[in-house]
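J.: Residue 69 in full-length UniProt numbering sits at position 69 of the sequence shown, and the numbers go up by one each step.
Just so it is clear, CB atoms sit at the ideal spot from N, CA and C, and this is done for glycine as well.
The structure presented is a predicted model; accordingly, all values stated were derived computationally and were not measured.
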Amino acid sequence: MVNRFHGWPGAGGPLPERMSKAEVVVRHISDTITSRQVSPGERLGTKEELRQRFGVSVGTFNEAVRLLETRGLVEARPGPRGGIFVSSPSAHIRLSHLILGLGDDALSVSNSLEVRESLEATIAEHAAKEAGMEQIRRLREIVALMADLRHDPVGYLARNWELHEEIARISPNQLLRTLYVSLLDTARESVREIAADSGFEEGFEANLRLHRNLVDAIASGDARLARKAAEEHTPPRSSARAAMS
């Protein structure tokens with residue numbers, strides 16, 4: 001089998017700072033797909049073959065596959081001839097690839113933030129209507145992790161994005177999920193670091209409270225309350241701190 005995944009961390013290289021192992025696997029596979037090194041419907045390998053290739057645990061690889069499926073990039077098929085296959089590029093997947101190719105200039109980042117913010121309330125409403133106990137538990141777990149990152153703005157930002165991606169996954173609307181997660185990926189690619197200035201720590205409690213309120217509203221099952229919490233959470237776009245939303 002041809003190894004299309006060059007430079008992956010399982011070969012002994014260092015993991016990119018602040019990225020989980022699952023995110024590293026997702027990055028390498030999604031880069032391979034979006035750069036058209038593989039074709040729609042092409043078999044990438046079995047789960048076990050790919051897991052060994054990336055040198056990660058079963059749980060980590062399963063999480064990576066879940067993320068890739070959420071983004072509409074791969075399809076996991078069971079059976080003797082099953083494995084991980086490149087998804088066929090439906091219209092919304094082609095749109096997500098376009099978004100990921102926008103670039104990291106200030107205008108592209110600002111535009112992607114504007115579109116993402118317009119989706120926040122609907123995403124929250126869907127989550128309030130659809131979230132189960134395990135999903136709520138996971139959202140609360142991430143907020144608890146965020147609470148320990150007062151002196152780590154980069155780590156806080158990573159957990160922040162993780163929280164919003166988990167909320168988006170709850171939506172039954174695949175187009176909405178794909179578009180929102182693609183916009184998050186644009187932000188991840190573009191925002192390399194956050195200055196550890198006094199402003200971050202001064203606004204830490206208020207920002208954390210907004211996210212805690214959002215999760216509480218989703219957990220209540222009240223879609224209108226969740227929409228209100230999402231609207232209160234969304235910051236002005238004029239500041240670089242919009243990335244912290």
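#1: Closest to Gly82 by C-alpha separation, out of Ser88, Phe54, Thr70, Gly45, would be which residue?
#2: My assumption, with CB atoms under 8 Å, is that Val74 sits in contact with Pro40. Please give the rounded CB distance.
#3: Does the stretch 140–158 come close enough to the stretch 174–186 that 3 or more CB-CB pairs lie under 8 Å?
#4: Straight-line CA distance for Lys228 to Thr122?
#5: To the nearest whole angstrom, what separates the beta carbons of Met146 and His211, a pair I think is in contact under 8 Å?
#6: Does Leu50 come out as helix, strand or coil in the three-state DSSP assignment?
#7: List the residues that DSSP assigns as beta-bridge partners of Arg43.
#8: From which residue to which residue does the alpha helix (DSSP H) around Ala158 run?
#9: Using the Cβ count rule (16 or more neighbours within 10 Å means buried), how would you classify Asp148?
#10: Taking just the CA atoms, how far does Glu42 sit from Asp31?
#11: Considering only their Cβ atoms, is the gap separating Val26 from Phe54 smaller than 8 Å?
#12: Nearest CA to the CA of Glu23: which residue from Leu67, Val58, Ile167?
#13: Give the straight-line distance between the Cα atoms of Asp216 and Arg169, rounded to the nearest whole angstrom.
#14: Give the range of the beta strand (DSSP E) segment to which Ala131 is assigned.
T.: Result, derived from the coordinates:
#1: Gly45
#2: So it is not a contact: roughly 11 Å between Cβ atoms.
#3: Counting Cβ pairs under 8 Å, fewer than three are found: no touch.
#4: Those two C-alpha atoms are separated by around 10 Å.
#5: Right, the Cβ-Cβ distance comes to about 7 Å (below 8 Å), so this counts as a contact.
#6: helix
#7: Phe85
#8: 153–170
#9: exposed
#10: About 15 Å.
#11: no
#12: Its Cα nearest to that of Glu23, the residue Leu67 stands out among Leu67, Val58, Ile167.
#13: 17 Å
#14: That residue, Ala131, is in no beta strand (DSSP E); it is neither H nor E in DSSP.
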